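> Numbering (the numbering used here), first residue to last: 1 to 65. Ideal placement from N, C-alpha and C gives every residue a C-beta, glycine not left out. The structure displayed is predicted, hence computed values, not measured ones.
1) Should residue 15 be labelled buried (16 or more other beta-carbon atoms within 10 Å of its own) or exposed?
2) Would you mind giving the Cβ-Cβ distance between residue 8 and residue 19, rounded to the nearest angstrom? I have them listed as a contact below 8 Å.
3) Is DSSP giving residue 18 helix, strand or coil here?
4) Let me know the secondary structure DSSP gives residue 59 once reduced to three states.
5) Where residue 21 and residue 30 are concerned, what is the direct C-alpha to C-alpha distance, given to the nearest angstrom?
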């Protein structure tokens, strides 16, 4: 049986950063993510970045449908 040293639940910003850090140290990493379409977590896909984009475009006078 294979031994896994680290299990990370969720592939948001923190999970991605930690997985990369551990892998660079040569450690085994297993990542569990429930979504197959939302890598990066809520901030990148739904909240922070999309909201910032809307605010920027609104300031530029872009019309939204």
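On the basis of the coordinates in this document:
1) buried
2) 5 Å
3) helix
4) helix
5) 13 Å
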